[in-house]
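So that you can map any letter, position 255 of the sequence shown is 628 in our numbering, and since no number is skipped, the others follow by simple counting.
Where a beta carbon is used, it is the ideal one built from N, C-alpha and C, also for glycine.
Computed from a predicted structure; not experimentally measured.
Only one structure is covered here, and it is reproduced in the block below.
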Amino acid sequence: DPAVSFIAVRRPDKTPLAVLANYSLHYVGDTEAAVLCADYFGFFANALAELMAPAVNGAPFLAMMSNGTSGNINNVNFREPGTPGAPYSRMSAVASKVANEVHQRYQELEFHDTARLASATREITLGVRKPNAEDLERARAIVDAAEGPVMKKSEEVFARESLLLADFPDTVSVPLQALRIGDLGIAAIPCEVFVEIGLALRASSPFKNTFTIELANGYNGYLPTAEHHALGGYETWRARSSYLEVAAAEKIQHVIGELLSQVKA
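Below, the structure is given as structure tokens:
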């Protein structure tokens, strides 16, 4: 999804007050070792604040970047050989490109004195993909054969995940939300949502503009489509990071559609 969505708020004197942007790209992660970092989201906030500084004229201004549907969208082009860069260079480049585009489009915005607001939330119950007895027997054998308490091989890691998932409940409650700000609809899903879902929600939305914030109001792991479950990419492998039922995406997409229609009415 190449779109960058954003909503802007300004003061009565027309100085910028805040911008909330949304972009469907997984975090970049090119940090130094053992560093906590806000990734390109934080770099974007700083970059846009710098670009807005002349218009803000010293007044407080807040720039924010939210995570769009990027559960299967990487920042690396694996089809071509990459060029190593300095730490933070990739996330800085992403943030700079997006911030410059938002700043340019900000100049073209039409602002409104009022905006109709609405919100709707619904919790749905979804099944958990738990291991069966045969899965658990194999997982225990793999973990018991591991060299130490830290699982190093991929097979060991996912075997341990299967053992941990055995203690999960059979179902979980997942909070879904839709917000309305004027002609903008915002969906909120507590998963790493595959991009096909975000594109479908935008295409079917009753709003002129729509974007989805993922990892919102909770964390329920990856949300692949049923088609991606069939393909079997690593995001579908059963773990605490991917445990919702195969039909979860279809069910969530349906409920979000209903919530968007509800706040639009």
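The C-beta separation of Val471 from Phe417 comes to about 6 Å, placing the pair in contact by the 8 Å criterion. Note on Ala512: 16 or more other CB atoms within 10 angstroms of its CB, so buried under the neighbour-count rule. Cβ atoms of Leu499 and Ile629 stay farther apart than 8 Å, at about 13 Å. Asn582 is bridged by DSSP to Leu557.
Judged by beta-carbon spacing, Met425 lies within the 8 Å limit of Pro389, meaning their Cβ atoms are closer than that value. CA-to-CA, the gap between Ser615 and Thr544 works out to about 14 Å. DSSP places Phe379 inside the beta strand (DSSP E), whose first and last residues are Val377 to Arg383.
Residues Arg502, Ala599 and His602 of the same chain have their beta carbon placed closer than 8 Å to that of Val619, with the five preceding and five following residues left out of the count. Here the C-alpha atom of Val516 lies approximately 44 Å from the C-alpha atom of Leu632. Taking C-beta atoms as the reference points, Val377 and Val449 fail to come closer than 8 Å. Under DSSP, Tyr595 takes part in a beta bridge, and its partners are Glu565. A contact between stretches requires three or more CB pairs, one per stretch, nearer than 8 Å, and the segment 393-401 meets this requirement with the segment 441-455. The continuous beta strand (DSSP E) containing Val392 extends over residues Pro389 to Tyr396. With a threshold of 16 other beta carbon atoms within 10 Å, Gln626 meets it and is buried.
By the criterion of a C-beta distance shorter than 7 Å, Arg384 is surrounded in its chain by Leu390, once the five residues flanking it on both sides are discounted. Rounded to whole angstroms, the Cβ separation of Ser535 and Arg611 is 6 Å, and the two are in contact under 8 Å. If you look at Ser492, you'll find it in the beta strand (DSSP E) that goes Leu490 to Gly500. If you compare the alpha carbons of Ala621, Val530 and Ala422 with that of Tyr607, the shortest gap goes to Val530.
About 19 Å separates the Cβ atoms of Ile559 and Ala622, ruling out a contact at the 8 Å cut-off.
Selection Glu520, Asp403 and Pro597 evaluated against Glu587 yields Pro597 as nearest (Cα-Cα). For Thr583, the closest of Gly555, Ala589 and Leu604 by C-alpha to C-alpha distance is Gly555. One Cα belongs to Leu509, the other to Asp403, and the distance between them is close to 36 Å. Note that the C-beta distance between Ser492 and Val636 is below 8 Å. The alpha-carbon separation between Glu528 and Arg495 amounts to approximately 37 Å.
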